[in-house]
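Chains as they are written, first to last, in the numbering used here: chain G, 1 to 466; chain S, 467 to 608. Using N, Cα and C, we set each Cβ at its ideal position, and we do this for glycine too.
Following this line, the structure appears as structure tokens:
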């Protein structure tokens, strides 16, 4: 390549243009050679890379120095590598969440009949039967048993959530230990690589080993990788250092005030909330956000329903003519409402179905039933509030699964793009990328149409004419 | 007794069902095309999806004429089996659509990054139009 000649005006522009053409020709030559040797065993692809030449200063004006061919392909590959690392992290996070959410789904399934929706239905049926036969001991016992089933269903769902949260919590500790092992190994490889480079030797094998470890690290947590003279610097997504040249920084775990494992950086700062991506980010997100949110809603439902039903009991009288006592009891701690829900009554005759204390009266059944059919303080009936929780569990699980599959396909695309010899033609690749973007815009409109079709299809045969 | 109106609806319902299934196949095809980085296949699938999308919207409009708008005697009988099949096909399509949307979201970002890289790279060859104009290179744009 010719040296940059400091000349003003048109000459400088022409020189820049000529350099650019030479650079492009070099890239095309390399591409042709790559294509010709695509099937040659042992052939190593040649790369075309460009760098900006030094600018030229002329009087008060500054002009650019043009471009020199150095190696475009490697820059493109670095960008793709970065994308692959990020997508790997995200897929790993989605997989972790999907796995835990599938575990939760089983506790909210109606297939075994022991779920909260079935228990609400059974409780409602038992009240109807008691209303028809207010003096029947069997019907009174039926209400008590159905109440017990409801309490058990809440307990089972709450324990299921706790168990899933515990699984995710365990993953946090395990993953942090794996991260520390990997960062220590990467630091050692950085040191070796630095020594080899200083001695003028080829460190290709060690570089490959390091890349493999970085790839493994990105499945454990989201990382940011930058190159510098000492080797690679690896940080978490929020900038917490994990490896700087030959030095690695150990993460620690400690039990927080919430009873969960928290992640601390090497200075002892809690970085749990800022960790994203990978198994660690996925476990933390599902543990602290998804499951926590579901638990809060379940506890709120249990607490509000119990308050409403006990209030209805208090409005009536039991079979012995005594004022109605609390039917259910919940612990004082609101976060234990679902897991600690139990039936307080010990005798079937204590169900307060009578409105005036007279034997055979069923006057209070309206109030008792209303606790099931009227809106709770949340604005929804008990059944609707529970349906909403079930929908969220299903939706979160389906989303995590869809994300994982989709990222897998995107990773295939990136790998294909990386391995494509013909893609060295930058103009063609740039044009193709624009065509992809145009097609994506059209696809987005179709996705929206399909989503709208769902509502229409669900209405067919109900409000619709089919 | 089956009326001409019933037969027309049955025919449209069958076409709707078939179109839902065809759209499912097309989404699958489009996702595989993206994964293979096969642009032409992807574009062809998008064209097919647009045709199917228009057909589905038209059929949905025809099939969802409110019952109240029709005289009681002319109201078609509900074909439970057909409705079951349509809902099942729609469920499958919605699940795939969710995955397709996620793929487009991730892939769009990758493609936009690469497009930005190439667009910046091509800028190197443009004529300088003033002082410091060459300071904008692919590296600082990224």
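Contact annotation: residue 123 (chain G) and residue 147 (chain G) have beta-carbon atoms nearer than 8 Å. A distance below 8 Å separates the beta carbons of residue 232 (chain G) and residue 225 (chain G). Closest by C-alpha distance to residue 395 (chain G), out of G:216, G:101, G:265, G:194, is G:101. Counting along the chain, residue 178 (chain G) sits inside the alpha helix (DSSP H) bounded by residues 137-198. Rounded to the nearest angstrom, the Cβ distance from residue 263 (chain G) to residue 275 (chain G) is 6 Å, consistent with a contact under 8 Å. Assignment of residue 323 (chain G) by DSSP, reduced to helix, strand and coil, places it in the strand class. Non-local C-beta neighbours of residue 507 (chain S) in its own chain, meaning closer than 6 Å and more than five positions away in sequence, comprise 499, ordered along the chain. Interface annotation, residue 568 (chain S): in contact with chain G, CB-CB separation under 8 Å. Classified as exposed, residue 474 (chain S) has fewer than 16 neighbouring CB atoms from the shown chains inside 10 Å of its CB. The criterion of a C-beta distance shorter than 8 Å is satisfied by residue 328 (chain G) and residue 342 (chain G). Excluding residues up to 5 positions away in sequence, 171, 172, 175, 176, 179, 220, 221, 263 lie with their Cβ nearer than 8 Å to the Cβ of residue 280 (chain G) in the same chain. Distance check between residue 354 (chain G) and each of G:344, G:367, G:373, G:346 places G:367 closest, using alpha-carbon atoms only.
Note: residue 231 (chain G) is bridge-paired with G:228 in the DSSP secondary-structure output. With three or more CB-CB distances shorter than 8 Å, the stretch 293-311 of chain G counts as touching the stretch 374-385 of chain G. Taken in chain order, the unbroken stretches of alpha helix (DSSP H) that lie wholly in the stretch 247-316 of chain G and span 4 residues or more are 278-285, 291-314.
Residue 86 (chain G) is not a Cβ neighbour of residue 568 (chain S), given a cutoff of 8 Å.
In this structure, residue 186 (chain G) lies away from residue 236 (chain G), with their beta-carbon atoms at least 8 Å apart. Following the DSSP letters along the chain, one finds residue 393 (chain G) inside the alpha helix (DSSP H) bounded by residues 382-419. With distances taken between CA atoms, residue 252 (chain G) lies nearest to G:266 out of G:246, G:245, G:266. Any Cβ of chain G closer than 8 Å to the Cβ of residue 577 (chain S) would place that residue at the interface, and such an atom is present.
For residue 502 (chain S), the chain G residues whose Cβ falls inside 7 Å of its Cβ are 416, in order along the chain. The C-beta of residue 278 (chain G) has 16 or more other C-beta atoms within 10 Å across all chains shown, which makes the residue buried.
Residue contact with chain G for residue 524 (chain S): absent (no Cβ-Cβ distance below 8 Å to any residue of chain G). Leaving aside the five residues that flank residue 489 (chain S) on each side, the residues in its chain whose CB is nearer than 7 Å to its CB run, in chain order, 515, 518, 522, 559. Buried is the label assigned to residue 584 (chain S), since at least 16 other Cβ atoms lie within 10 Å of its Cβ.
Excluding the 5 residues flanking it on each side, residue 310 (chain G) has same chain C-beta neighbours closer than 7 Å at 326, 327, 328, in chain order.
Per the C-alpha coordinates, the member of G:243, G:273, G:244, G:245 positioned closest to residue 256 (chain G) is G:273.
At a cut-off of 8 Å, the C-beta of residue 551 (chain S) has no neighbouring C-beta in chain G.
When DSSP states are grouped into helix, strand and coil, residue 242 (chain G) belongs to the strand group. Taking each of S:575, S:579, S:561, S:580 in turn and checking the Cα distance to residue 454 (chain G), the smallest one comes out for S:561.
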